[in-house]
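Engineer:
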């Protein structure tokens, strides 16, 4: 038998003989240690590699699945534009600001007396949509209209017939169509009353300073009067004090806000929301809440809207809505929020360009009644259609989601105003309606200069540099708000201003071809990290470089502007980015550009163009805000108790929170969760509001 040598790597030991020398034993020990070290090293490398692969896989899974909706229809690229005219608004929000807005937008300067006046006159109305689904009169009324609706002549869709419970529900409801209408049992929780409204109003009273909330409107349905069958009365919360001297809270029946009374009663929140801007005596800027929304900490106007920085939109950049009309729902009674978001983005895409748009956080929304009126003038049929749906999901779920639509309408109109103002009043310098070669050459040189600056900054150092150097409209905003007596609450931080350009887009924008949105998903980005190259021939057409050609300065249908701004929207995004980075005075590479407003607002401050543009910039002014908020869904007892305990522990952190009733329709579970929820509400908001009996 031949023994292995000490140099062998295939053996971890060598037999020890009684006659072996000390040097031989030492050599064997060294070999053993070396082999063990190699084995340990290999195992360590394997562990590190395995952990790395696991982490990367987990990250990809979480990124893909984060808040992914249950059903994402196939995206159809390049929706054709069908732009509708924007009619002059019936009124403009906060019209008192016109006298000082020009100097604010161009110089960010505000006289002290103007700031004090703004703070003193600033207040909001608050609108609730509320229904007491536990009211037997409402249950009978709803049942009556469900029996008349073809949407409910369907088998139950919420339980699988393959389960024991599913088979029992199938039998109890009867699966034969000739036995009458079938009701979606899971829709019950949409209207079930857990006394949320009383405590939501308490949260408002507790967390707002005197004068911030001017009036509270509770939109409510009408039910048959038990003493007079020929008339109806509005539902009234049992806790609400409605004595004649109480002017803060008003009950508004749906019949007082609907254009078409024949579509009432309505059991569809999307329908009601489409009409709520008709509420009598509603303030121009108002806060919209469902009854399960709550204010968690002290609220200031800077958390919602200010005349200086406009709307404060709280967005979820990880959840994107595709620009596609939703497919016909297989089970209309199972339609949720997602279908209305898809349909709304489909309408927005036909008007402003086919792009994904971000979801809004499920918290109180800041809205504008004049802008909602303006939107209804653009989409009158769609608003009327939405309002006519007594139940969510009727007519293939073609319904507008008003809060989502207004936020993105404001963003798009701000973007359109900036691009159109530059095109019509700065690029077309003599405003003769034709872009001469001199005018076009000015833009071509601006674009070339920007490309050169980016290339120079990139090559000037081996270390990464900021490619974006400009004065943001948000610079010094904390101090400016304090000067206007509108301090930040500390709960909301301003991330980006719409006056610095459109805040969503692809970080690397290739404008030499159309966007394939199946792979290019926009997101909220840092301007400093964006790369943008503007392809003039693709975005503006080869004729734009033709010295002898005639190019129209029109911004209307079929124009070069329409292609650049909307059809190939990434071209418009890129142009705004370049305009912000590269002012007409040709700032040096190391100097900061004065910002976007310096390059898009008309120069003649006495002109009608200046007044028109600054008014629209103010009307559609907004910032992207970030606050600590929470959305909870109560489904069963133990998880609900844990969630509510954590929310109590975070009582000083959450600016807004929403607690959604998604409890299974089981009387025992509903009662237990309702008890836990009631205890939480009483603990969290123990002090009665001034408007309780």
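Residue numbers (this note's numbering): 418 to 1110.
Even for Gly, the Cβ is constructed at its ideal location relative to N, Cα and C.
This one's a predicted model, so the numbers in the text were calculated from it and none came from an experiment.
#1: Where does residue 705 fall in DSSP's three states?
#2: Consult DSSP for residue 867 and reduce its assignment to one of helix, strand or coil.
#3: With distances taken Cα to Cα, identify the nearest neighbour of residue 1078 among 1049, 919 and 677.
#4: For residue 1006 and residue 722, what's the separation of their Cα atoms in angstroms?
#5: Using the three-state DSSP reduction, which class does residue 641 fall into: helix, strand or coil?
#6: When you compare only the Cα positions, how much space is there between residue 774 and residue 691?
#7: Out of 621, 869 and 527, which has the shortest C-alpha to C-alpha gap to residue 1106?
#8: Under the rule that 16 or more other beta-carbon atoms within 10 Å means buried, what is residue 1096, buried or exposed?
#9: Report the start-end ranges of each alpha helix (DSSP H) in the segment 887-923 that is 4 residues or longer and not cut off at the edges.
#10: Check for me: the alpha helix (DSSP H) holding residue 1044 runs from which residue to which?
#11: Measure the C-alpha to C-alpha separation of residue 778 and residue 812 and round it to an integer number of angstroms.
#12: Return the CA-CA distance between residue 837 and residue 819, expressed in angstroms with no decimal places.
#13: When burial is assigned at 16 or more other CB atoms within 10 Å of the CB, is residue 920 buried or exposed?
#14: Taking the straight line between their C-alpha atoms, what separation do you get for residue 1110 and residue 664?
#15: Run the CB neighbour count on residue 660, radius 10 Å, all protein chains shown included, and call it buried at 16 or more, exposed below.
#16: Could you tell me which residues DSSP pairs with residue 722 in its beta bridges?
#17: Closer than 7 Å: is that where the CB of residue 840 sits relative to any heavy atom of the ligand HEM?
#18: Would you mind reading off the limits of the alpha helix (DSSP H) that contains residue 535?
#19: Quick check on DSSP: helix, strand or coil for residue 1064?
#20: Thinking just about the alpha-carbon of each residue, which of 974, 952, 951 and 915 is nearest to the one in residue 1033?
#21: Please check the pair residue 500 and residue 815, which I expect to be a contact at CB under 8 Å, by giving their CB distance rounded to whole angstroms.
#22: What three-state label does DSSP hand residue 551 in the structure shown?
#23: Pop quiz: residue 668 and residue 909 are said to be a contact at Cβ under 8 Å. What is the actual Cβ separation, rounded to whole angstroms?
#24: Using only CA atoms, which one of 832, 857 and 634 lies nearest to residue 844?
#25: Could you compute how far the alpha carbon of residue 707 sits from the alpha carbon of residue 458?
#26: Mark residue 965 as exposed unless 16 or more other C-beta atoms lie within 10 angstroms of its C-beta, in which case mark it buried.
#27: Measure the beta-carbon distance from residue 808 to residue 551 and round it to whole angstroms, keeping in mind my assumption that it falls under 8 Å.
#28: Is the segment 826-840 in contact with the segment 1036-1043, if contact means three or more CB pairs nearer than 8 Å?
#29: Just curious, the alpha helix (DSSP H) that residue 762 is in, first and last residue?
#30: For residue 559, which residues in the same chain have their Cβ closer than 7 Å to its Cβ, ignoring the five residues on either side in sequence?
#31: Given a cut-off of 8 Å, decide if residue 640 and residue 725 are closer than it, judged by their beta-carbon atoms.
#32: Should residue 717 and residue 906 be called a contact, given that it needs their Cβ atoms to be closer than 8 Å?
#33: For residue 1020, which of helix, strand or coil comes out of DSSP?
#34: Can you tell me the Cα-Cα spacing of residue 676 and residue 791, whole angstroms?
#35: Just checking my contact of residue 569 with residue 750 at CB under 8 Å: how many whole Å lie between their CB atoms?
#36: Identify the continuous beta strand (DSSP E) that holds residue 670 and give its terminal residues.
Structural biologist: Once the coordinates are examined:
#1: strand
#2: helix
#3: 1049
#4: Residue placement at residue 1006 is poorly supported in this model, since its pLDDT is 45, which falls under 50; the coordinates are not used for a value here.
#5: strand
#6: 20 Å
#7: 621
#8: exposed
#9: 894-900
#10: Residue 1044 -> not in any alpha helix (DSSP H); beta strand (DSSP E) instead, spanning 1039-1044.
#11: 27 Å
#12: 26 Å
#13: Buried.
#14: Here the alpha carbon of residue 1110 sits roughly 14 Å from the alpha carbon of residue 664.
#15: exposed
#16: Partner residues in the beta bridge of residue 722, as assigned by DSSP, are 728.
#17: In terms of ligand content, the structure shown is empty, and the ligand HEM therefore cannot be addressed.
#18: 529-538
#19: helix
#20: 915
#21: Going by Cβ atoms, the distance from residue 500 to residue 815 rounds to 20 Å, so no, they are not a contact pair.
#22: coil
#23: Rounded, the Cβ-Cβ distance is 31 Å, inconsistent with contact.
#24: 857
#25: 60 Å
#26: By the neighbour-count rule (16 or more Cβ atoms within 10 Å), residue 965 is not buried but exposed.
#27: Between residue 551 and residue 808 the Cβ distance is about 19 Å, and since that is not below 8 Å, they are no contact.
#28: yes
#29: Here the alpha helix (DSSP H) through residue 762 covers 754-769.
#30: The residues are 684.
#31: no
#32: yes
#33: coil
#34: 15 Å
#35: 6 Å
#36: Residue 670: member of the beta strand (DSSP E) spanning 666-670, first to last residue.
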